[in-house]
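Let me begin by presenting the structure, written as structure tokens, before commenting on it.
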Amino acid sequence: TVKNSLEVFVAVPGCDQFPEMNSVENYTLTLNDDHFILKADTVWGALRGLETFSQLIWRSAEGMFSVKWTEIVDFPRFPHRGLLLDTSRHYLPLQAILETLDVMAYNKFNVFHWHIVDDPSFPYDSVTFPELSRKGSYNPVTHIYTMGDVKTVIEYARLRGIRVLAEFDTPGHTLSWGKGIPGLLTPCYSGTTPSGSYGPVNPILNRTYEFMASFFQEISSVFPDFYLHLGGDEVDFSCWQSNPDIQAFMKEKGFESYEKLESFYIQKLLNIVSSYKKGYLVWQEVFDNGVKLSPDTVVHVWRETKPLPYTMEMQNITKAGYRVLLSAPWYLNHISYGQDWQQAYQVEPLDFEGSPAQKSLVIGGEACMWGEYVDVTNLTPRLWPRAGAVAERLWSSQSVRDVDLAYERLAYFRCELLRRGVQAQPLYVGYCEHEYFQ
Amino acid sequence: VWPWPQNISVSPNRTFALQPSLFHFQYSASSAVQPGCSVLDQAFVRYLRIIFGPGPWLSPDRPGLKQ
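Protein chains in written order, with my numbering: chain A, 897 to 1334; chain B, 171 to 237.
Have a look at this one:
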């Protein structure tokens, strides 16, 4: 029987909006004698169904296309299924980001976590503070993301049902910020004299918060998602410790530890961002240090074993009533010989001690591709199909965890990625009908 | 399919053929979104290309051409 159309039915109107954390992505796909129909509540669900439909079609050696009688009822297990790219350690060209968004959609990922700036470079071209990228990027002409680039990424992602979650990590990881904003970072001391080096954002100056208020006002309007990622990880206290002004400030405030000082900074930053009607995510240290967080904060778990095994961290965060996002076991920038995708695949995000109410606070997770050893030359093969393991863990039922069955399907899916022009690396020995062809 | 759907049934003995030159996506008449919806209009174009390749595809109705 020849079928020449797929009918698409969407129940809820709306095409111009952005996907959100609570967007509904369920769909049903019916391919039978009576009709070929895809039904979804929203356009985002329809996108997921179209992707599934595209994977069901077979191509014979003679070039015939066919599809089997199929009934699918599908929905995601977790609402937040993300992938982090780091564009500071190495600059990633716009095209590499767009191609990654394509492959994310093939895997039903729905959040692009853009860790856009960090210590090494500041490629975000701020309208309010153009000196940030002019002085903080690797090259202010060729290695920046202009406002046009950012808008391109956001729209490209929207058309694939992907949210763009921007991260501007402070007070640590900010060396590149200091080049464009003199006085923002803490001067480090050697004895009684400044050493010439700089540490985290200076938390004791009013002008620091005036800058953050202006900067995050821009960020809040440029990135339409309700959430911003505010970082807060790995703050090195040694520079604060060396600075006599910081020490005097701590004495005046009665702060006994540098965690308290960090909390003081983060609290003020959270208040600024909240005033722009934005929600926020933070790395786990912010929770660990006892910062007062608004109840809708999402805490992002990244540390695998220290100071606690990540399962205990998940337990503690959910016990305190916060929503949590898991990344600790999914640092895909870490590589090893063999089929290391299997370790990522075998992770169970709810595998910690806690009540059903606590488990319900796990909203998903993110695969992370930090950029120390990754640029455009090795990004795609390192990501794919390994990130697919995370994608299936976050989309499919908890019961789908047979590694042997997954291997067969993931190897096939990897071949499909090659056919689609993605340089996905092999899982093991084998070949594809359509090998990669540039 | 990757990632694996929540519920899937497939009949291995019932197969439908698709003709690249004729196959298309269409909005259901009762759908709340219709042509002009950029998210789906563009997805339809994208997925035709993903499924069938860039083409061009010859029409099966062309005289002398076997399907």
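Don't be surprised by glycine CBs; every beta carbon is placed ideally from N, CA and C.
Report the option in the options whose CA atom is closest to the CA atom of residue i.
i, options, result
"Tyr1324(A)", "Phe1005(A), Asp1300(A), Arg1316(A) and Asp1021(A)", "Asp1300(A)"
"Leu902(A)", "Ala187(B), Pro224(B), Gly206(B) and Ser208(B)", "Ala187(B)"
"Cys207(B)", "Leu934(A), Asn928(A), Phe932(A) and Trp940(A)", "Trp940(A)"
"Gly1217(A)", "Ala1253(A), Glu1329(A) and Asp970(A)", "Ala1253(A)"
"Glu1063(A)", "Val1097(A), Pro972(A) and Ile1012(A)", "Ile1012(A)"
"Ile1100(A)", "Gly1079(A), Thr1088(A), Val1118(A) and Val1046(A)", "Gly1079(A)"
"Leu1313(A)", "Trp1280(A), Gln1242(A), Lys1147(A) and Tyr987(A)", "Trp1280(A)"
"Phe1309(A)", "Leu952(A), Leu943(A), Ile933(A) and Leu925(A)", "Leu952(A)"
"Lys1004(A)", "Leu1055(A), Lys1255(A) and Pro1036(A)", "Leu1055(A)"
"Thr1125(A)", "Asn1185(A), Glu1209(A), Leu1165(A) and Pro1036(A)", "The residue asked about is misnamed: residue 1125(A) is His in this sequence, not Thr. Answer by Cα proximity: Leu1165(A)."
"Asp970(A)", "Arg1297(A), Cys1328(A), Gly1326(A) and Ser1292(A)", "Ser1292(A)"
"Pro1135(A)", "Thr1214(A), Leu997(A) and Gly1068(A)", "The residue you asked about is not Pro; residue 1135(A) is Cys in the sequence shown. Selected option, being the one with the closest Cα: Gly1068(A)."
"Phe1160(A)", "Phe1183(A), Ser1138(A), Pro1140(A) and Asn928(A)", "Phe1183(A)"
"Ile993(A)", "Ala1053(A), Phe932(A), Glu1027(A) and Glu1249(A)", "Ala1053(A)"
Exposed or buried, residue i, counting other C-beta atoms within 10 Å across all chains shown (16 or more means buried)?
i, result
"Val906(A)", "buried"
"Arg1282(A)", "buried"
"Trp954(A)", "exposed"
"Tyr1002(A)", "buried"
"Lys236(B)", "Bear in mind that a pLDDT of 49 at Lys236(B), under 50, signals an unreliable position, so the model cannot answer this."
"Ala213(B)", "buried"
"Met1108(A)", "buried"
"Asn1212(A)", "buried"
"Asp912(A)", "exposed"
"Tyr1085(A)", "buried"
"Gln1294(A)", "exposed"
"Tyr987(A)", "buried"
"Phe1333(A)", "exposed"
"Pro205(B)", "exposed"
"Val908(A)", "exposed"
"Pro915(A)", "buried"
"Ala1144(A)", "exposed"
"Met1146(A)", "buried"
"Gln1180(A)", "buried"
"Pro1016(A)", "buried"
"Arg219(B)", "exposed"
"Tyr1327(A)", "exposed"
"Gly1150(A)", "exposed"
"Pro190(B)", "buried"
"Ala1330(A)", "Here residue 1330(A) is His; the residue named in the question, Ala, does not match the sequence. Result: exposed."
"His1009(A)", "buried"
"Val963(A)", "buried"
Opposite residue i in the DSSP bridges: which residues?
i, result
"Tyr197(B)", "Val904(A)"
"Arg955(A)", "Phe961(A)"
"Glu1063(A)", "His1011(A) and His1125(A)"
"Ile933(A)", "Glu903(A) and Thr926(A)"
"Phe186(B)", "Val963(A)"
"His1330(A)", "According to DSSP, His1330(A) bridges with nothing at all."
"Ser1153(A)", "None, per the DSSP bridge assignment."
"Gly1175(A)", "Tyr1123(A)"
"Asn177(B)", "Val969(A)"
"Ser1086(A)", "Thr1089(A)"
"Pro1094(A)", "Checking the sequence shown, residue 1094(A) turns out to be Tyr, not Pro. Looking at the DSSP assignment, Tyr1094(A) forms a beta bridge with Pro1083(A)."
"His1196(A)", "Trp1179(A) and Leu1221(A)"
"Val898(A)", "Ala187(B)"
* To do: Tell me, please, whether the segment 1171–1179 of chain A touches the segment 1136–1155 of chain A by the rule of three or more beta-carbon pairs shorter than 8 angstroms.
  => no
* Asked: At which residue ranges does the segment 1200–1236 of chain A contain complete alpha helix (DSSP H) runs of 4 or more residues, listed in the order of the chain?
  -> 1206–1215
* Asked: Taking three-plus beta-carbon pairs below 8 angstroms as touching, is the segment 1262–1277 of chain A in contact with the segment 1227–1239 of chain A?
  -> yes
* Of all the alpha helix (DSSP H) runs that stay within the bounds of the segment 1239–1316 of chain A, which reach a length of 4 or more residues? -> 1252–1255, 1275–1279, 1282–1291 and 1299–1315
* Is there contact here, the segment 194–210 of chain B with the segment 932–946 of chain A, by at least three beta-carbon pairs under 8 angstroms? -> yes
* Check whether the segment 1067–1075 of chain A touches the segment 1029–1041 of chain A, taking contact to mean three or more Cβ pairs, one atom from each stretch, closer than 8 angstroms. => yes
* Asked: Taking the runs of the beta strand (DSSP E) that are 3 residues or longer, which of them lie wholly in the segment 970–1057 of chain A?
  -> 976–982 and 1007–1011
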